[in-house]
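The listed protein sequences correspond, in order, to chains A and B.
Here numbering that gives the first Met the number 0 is used: the first residue of the first sequence is 0, the next is one more, and so on.
Here numbering that gives the first Met the number 0 is used: the first residue of the second sequence is 0, the next is one more, and so on.
Glycine residues also receive a C-beta, built at the ideal position from the N, C-alpha and C atoms.
Everything numeric in this text was worked out from a predicted model, so none of it was measured.
Below is one structure, written out as structure tokens; the observations come after it.
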Amino acid sequence: MTPSPRGGEGLAILLLLTACATPVAPQVVSRPEPGLISTPTRTTFIRQLPPALAIDPTAIKAEPLDFAIKQPEILALENGLQLYLLEDHTAPLVVLRALVPVGAVDDAPEKLGLASLTAALVTEGGAGARTPEVLDELLEFHAADASSGSNDEFSTVTLSVRAADLEKLFPVFADLVQRPRFDPARFEVVTTRMLEGIRRREDRPDAVAARALDKAIFGPTSLLGREATEATLKSLSLAEVKKLHGSWGAKTSRLVITGDFDPKGLRPLIEQQFGAWKGGAPPPRAWPAPVPLQRRVIIVPRKLAQAKVRLGTWGFPRNTPREFPLRLANTTLGTFGVGRLYREIRDVRGLAYSAFSSVSAGPTTGEFVAGFDTRPEQVAEALEVATRILSEVGTSAPLSEEELRVSTDIAINTFAFRFDTPSRIAFERATSDLFGYPKDYLETWRTKMAAVTARQASEAARQFGDALQIVVVGPPEKIGDLSRFGPVTVIDDVEQFR
Amino acid sequence: MPLRAWGLCSLLATAAFAQPRLEDRVKELRLANGMRWLVVERPEAPIFTGFIRVRVGGADESPGATGLAHLFEHMAFKGTPMLGAKDWAAEQPLMLELQQAGDALARLQRQGQANTDEGKKLAAEVAALQKRHDALFDENALARLYQVNGGVGLNATTDKDMTSYFVSLPKNRLELWLTVEAQRFAAPVLRDFYTERAVVQEERLRSIETNPAGALYEELMQLAFVSSPYRWPTVGYAPDLAAMTWSGAQAFFDQHYVASNAVGCVVGDVSLEAMRPLLERTFGQLPLVPRPPDPVFSEPPARAQRRSTVTFDAAPRLMMAFRKPGPPSREDLVFDVITVLLEEGNTGRLQQRLVFKDRLAQDLFVGGGPGIRLGNLIIIGVTPLAGVKLEQIEAAIWDELGKLATQGPTDLELQKVRNRVTADLARRLESNVGVAAALSRAQLLIGDWRYVLERPKVIEQIDAAEVKAVAKRFFVKENSVSVSLARPVGGAP
């Protein structure tokens, strides 16, 4: 069919397509077959529901849902290594994961990229008695997936194996974590690939916006705002990689094992393969207090048909009661299909494919980020809306009781999905232990969420309007003057943003 | 610690014994109107995932109306007569007025006349009508209803073959899900059509115009196909989007959204017995209508290699592709074997050669596309390292493909492929979403969900001679397409 050159004439009938027949014998509606050259087909411009379906879905009652949160078995070896074991026999697979508290924040400023390169090389550079080529062949022949990497605060090594291969490949996992070979040729390959990634990060305007925003929120040279560059990566040596890996140790690490295993058989194997591991200790961390922010606009000039706009400020530190009102306020602002930003920027004005927000925890503070992508000429209009929404929510337009109810329902009813797979349950438990959350954090989460009032959520949301960092990536000549949103800084190269 | 009582068998897979096999857990149901349903009971968590898939995608559009299937998918979130309406009686005549003005404006847009006095007058009229209409409905009623009921992953996708609507919910929301999905299938109201059309235009800017990989992929398809509807992008071309009419979207819906052209699938803590009456009351109410025909076209034979370069201000990239038959052909499965042989991990032949041995590429992928209903492509995408000439990369790829065609794979390689295919299937079938996605797709596009489980068994039988023969037949210049991305002369901005 074609977009009709025929206009409204065929449509001026409000045809009712209702099932008049009994529900068991659906009616047959004959439809003209489209010919080779499309001919106008008669269409029902507005359809009505069959009578049996014409019910109000919002009135459908749900039975109460009660469920217990599965708990991993938590143990410790004598060397201090903590184990999180959770069986799941739905598929013949086992996932082995090590969580090591060494990350990018431990890198010296001139050596940024070291933690990430080290973690990546653990699974790329051979291990134990096996060269990289032999190791790759062994794992890939058995369809085992090895991966490793790091973020700001920790590194992970993951090996996913078929249950039948567990006994054979568990010692390989122990080799990867404890005895990586750091093959020099692979060191070259992995470094080159990471350098290429740095060269290409300019190609993705949304990545450019995210980097600029992180630097703006945390400070460009702060532990959480800085980033590896070509120069810092090129300065890294194999000796430095080996030295950093030396700080990985049993005392501070966690093993998370989930899937189709028999714990009686697995525990002695863990003891045998990891019981003698000592390793070192991660470098101590000092977190300077974050520097208070002043509202500003940062323009990153790029020739683009669509500008990327991000607005951000602080989130919250870990393990604070502020988490709950902030999360509810964020849900009210930025949830798909529901949030104020989404509705006003996307639905009411059609300015963007999506408008979202998120809020997160961090060691000193986390991040609140709101964003949307829009045509350069529309940036000012959309920013007008976004900044108004963000400042109003804590002042003149607090959360309504209805908004609070919706946001609380979303939080509580989606909670079951945090526990949809054993690997998520066990890993979430291990990371919340790593970050020092209380043991009952997950068990009491829903109760605490349900106790938040609209007033508390609105008061907490005041911080979203303060000191916004507004990043716009796009062509300045089409975006126009944004100085009414705050003092404007132009940054050509995000890497040079200091 | 000594390994006492540590027998060889103690770690063996227990899944096979503890759980019934997937093939025994899939229950099928066919409604009187021809709609097929698959139900898989997985009581491990108190949740379920629901999929509705309709066999309509970009391939069912025609030139001049590209992007319609995807735009319609967006419109299916705008509610029904029972969801989102504040004054249904007042809304209907107003929508008709709005549609007539809006579609007239769209036709002017198509003729390049939108900026005339007539166009401006119509635009003002449309804006005024839209404003009046806005007061009569809540366009987020559907999304909010799912969200407050604990919906996770609420979304829809459109590709060249099909449109899919899915969400995961707590298990006590099954009736709600079936009711809402059946209602929007029976009577979606295309509220806010013209605003959503603008949103899709933004989506095109985001996914293609400002995304080097998207721009290159669009060019590859345009070059690889001449008359196949796989030629144009699912999101549509900008002028087609700008001129899309509401009546056109409604007519497209009328033709393709019929029960016999759809598959439903529920995976999770549910039972077929509990579902049966609910299904009769919901999707069972849809009329029986025959399935629309598949696209008719004939792709002319390719006589020469096709090449082009896209100018884009980003680091270079390369994509090569070869035309091939889609599933359920035997050749398609041989290409699945070839994909693993070339791409898998660090030991795949192209990985070995381009990333580790010759050090020409940062990364690469091998995969099929853009759909599986029609003849399709095997695609090799390469991210070169800085300073590497693309000719070098192409030459190395041709060299590896040539070796496969002359020497074939080794037995060890073939066993590796078999292990990989079986393990990947197990990984995909670990989650409710994975099971629902795989089974419903095979049921809708290939006609049988069992294809998902049969595929590894067929792959098990493919031998070196067969791989060699297929490689020899398809990896030839005349059957190949090569596109690359290069910066404009004058460099970065």
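Is the beta carbon of B/Q442 sitting closer than 8 Å to the one on B/L37?
yes
6 Å CB neighbourhood of A/R317 in its chain, flanking five on each side removed
A360, F434
Please return the same chain residues whose Cβ sits closer than 7 Å to the Cβ of B/R427, not counting the five positions on each side in sequence.
G433, A437, listed in sequence order.
Quick one: grab the DSSP three-state call for B/P42.
coil
Should A/S395 be labelled buried (16 or more other beta-carbon atoms within 10 Å of its own) or exposed?
exposed
Measuring alpha carbon to alpha carbon, tell me which of A/P170, A/L481, A/V133, A/N412 ends up nearest B/T346.
A/V133
Going by CA-CA distance only, name the one from A/A369, A/F260, A/N78, A/E195 that's closest to A/V358.
A/A369
When you compare the CB of A/L48 with every CB in chain B, is at least one pair closer than 8 Å?
Using a Cβ-Cβ cut-off of 8 Å, A/L48 counts as an interface residue toward chain B, since at least one Cβ of chain B sits closer than that to its own.
Can you round the beta-carbon distance between A/P204 and B/T209 to whole angstroms, since I take them to be within the 8 Å contact cut?
6 Å
How many angstroms separate the CA atom of B/F473 from the CA atom of B/A320?
10 Å
Taking Cβ-Cβ distances shorter than 9 Å, what residues in chain B pair up with A/E118?
Position check: residue 118 of chain A holds Ala in this sequence, whereas Glu was assumed. Those do not exist, as A/A118 stays about 16 Å from chain B at its closest Cβ, beyond 9 Å.
Just checking my contact of B/Q98 with A/F44 at CB under 8 Å: how many whole Å lie between their CB atoms?
7 Å
Residue(s) in a DSSP beta bridge with B/T162
B/V53, B/T157
Name the DSSP bridge partner or partners of B/L317?
Per the DSSP secondary-structure output, B/L317 pairs in a beta bridge with B/V381, B/S483.
Top-ranked residue by Cα proximity to A/L137, from A/E123, A/N150, A/S147, A/L232
A/E123
Residues that DSSP places opposite A/I469 in a beta bridge
Paired residue(s): A/V296, A/L310.
Indicate whether the contact test is met: 3 or more Cβ pairs, each with one atom in the stretch 473 to 489 of chain B and one in the stretch 318 to 337 of chain B, closer than 8 Å.
With a cut-off of 8 Å, the stretch 318 to 337 of chain B and the stretch 473 to 489 of chain B count as touching, because enough Cβ pairs lie within range.
Helix, strand or coil for A/Y83, going by three-state DSSP, please let me know.
strand
Can we count A/T312 as close to the ligand FAD, meaning its CB is less than 7 Å from some heavy atom?
The ligand FAD is not part of this structure, which contains no ligands at all.
Ignore the nearest five residues each way along the sequence and tell me which others in B/G63's own chain have a CB closer than 8 Å to its CB.
D239
Assigned secondary structure, A/R301 (DSSP; H/G/I helix, E/B strand, else coil)
Coil, per DSSP.
Any chain B beta carbon closer than 8 Å to A/L92
Output row for A/L92: interface = yes.
Consult DSSP for B/W87 and reduce its assignment to one of helix, strand or coil.
Helix at B/W87.
For the alpha helix (DSSP H) containing A/Q177, name the first residue and the last one.
165 to 177
Between which two residues does the beta strand (DSSP E) holding B/D362 run?
360 to 368
Can you name the residues that DSSP bridges to B/E27?
B/L37
Cross-chain neighbours of B/L377 in chain A, by beta carbon under 7 Å
Note that residue 377 of chain B is Ile in the sequence shown here, rather than Leu. Near B/I377 there are no residues of chain A at all, since even the closest Cβ is about 20 Å away, more than 7 Å.
CB contact below 8 Å: B/S297 versus chain A:
no
Could you say which of B/K415, B/L373, B/V457, B/T244 lies nearest to B/I445 if we only look at CA atoms?
Of the listed residues, the one whose Cα sits closest to B/I445 is B/L373.
Taking the alpha helix (DSSP H) that A/G58 belongs to, which residues open and close that run?
Residue 58 of chain A is actually Ala in this sequence, not Gly. Run containing A/A58: none; DSSP gives neither H nor E here.
With a cut-off of 8 Å, do at least 3 Cβ pairs link the stretch 267 to 282 of chain B to the stretch 116 to 133 of chain B?
no
From the DSSP output, in three-state form, read off B/P291 for me.
In the three-state DSSP reduction, B/P291 falls in the coil class, being neither helix nor strand.
Helix, strand or coil for B/K388 per DSSP?
coil
Starting from A/L158, trace the beta strand (DSSP E) both ways and give me its first and last residue.
Where A/L158 is concerned, the enclosing beta strand (DSSP E) stretches over 154 to 161.
For B/L82, the residue or residues it bridges with in DSSP:
B/T79
Work out the CA separation of A/S149 and B/I371 for me, nearest whole Å.
37 Å
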